[in-house]
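Residue 172 in this note's numbering sits at position 29 of the sequence shown, with consecutive numbering throughout.
Built from N, CA and C at the ideal position, the CB exists for glycine as well.
Remarks on the structure that follows.
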Amino acid sequence: MSRPALILGLLILWIVLCALSIIVPANTAPTDFGFTRGMNRVTLFFQFQALGLFVAIALWSVSRRAETPLLRWAGRVPILIALLGVVALIGVILWARYADPINVAPPPDRPATALAPAAPATD
């Protein structure tokens with residue numbers, strides 16, 4: 144298989160994996176109850192993104208020795224997009240951790256619920 148055909152095949156595989164990382168979780172029913180309901184969707188998204196990252200790394204390594212600049216950039220773009228996604232995820236996590244809440248009232252000095260009435264004494 145020639146190098147341009149391999150680069151094109153890996154690029155198409157990367158595009159398909161990125162599309163599947165959006166389509167499959169959106170069409171998957173959430174499972175479990177409570178706090179973890181829908182966690183299967185998140186894990187599916189990250190699994191497809193991880194597979195796409197591995198394909199992007201393989202594509203980058205194959206396209207480094209390509210003859211034309213277009214083929215070299217075809218191998219660089221997926222890895223750059225993957226790195227941009229990682230940086231964006233880290234940025235969102237840091238922003239959520241260190242951002243100051245806006246217009247949030249302090250907690251009250253009294254109990255949040257009313258006290259229950261005393262139970263009648265029984266013999």
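Selected residue, minimal CA-CA separation from residue i, among the options
{"i": "residue 147", "options": "165, 177, 215, 263", "result": "215"}
{"i": "residue 225", "options": "196, 262, 261", "result": "196"}
Alpha-carbon to alpha-carbon, residue j and residue i
{"i": "residue 176", "j": "residue 170", "result": "18 Å"}
{"i": "residue 199", "j": "residue 253", "result": "56 Å"}
is_contact[residue i, chain B] using C-beta, thresh 9 Å
{"i": "residue 257", "result": "Annotation note: the requested chain B is absent from the structure, which comprises a single protein chain."}
Proximal residues to residue i (C-beta, below 8 Å), its chain only, five neighbours per side dropped
{"i": "residue 228", "result": "192"}
{"i": "residue 205", "result": "146, 149, 150, 153, 218"}
{"i": "residue 202", "result": "150, 153, 154, 157, 217, 218, 221, 222"}
Residue environment, residue i, which counts as buried when at least 16 other CB atoms sit within 10 Å
{"i": "residue 234", "result": "exposed"}
Cβ-based neighbour list, residue i, same chain, cut-off 7 Å, excluding 5 preceding and 5 following
{"i": "residue 168", "result": "184, 187, 188"}
Sequence-distant residues of its chain with Cβ nearer than 6 Å to residue i (five each side left out)
{"i": "residue 174", "result": "183"}
Count the CB pairs spanning the stretch 152-161 and the stretch 183-202 that are closer than 8 Å, and state whether there are at least three.
-> yes
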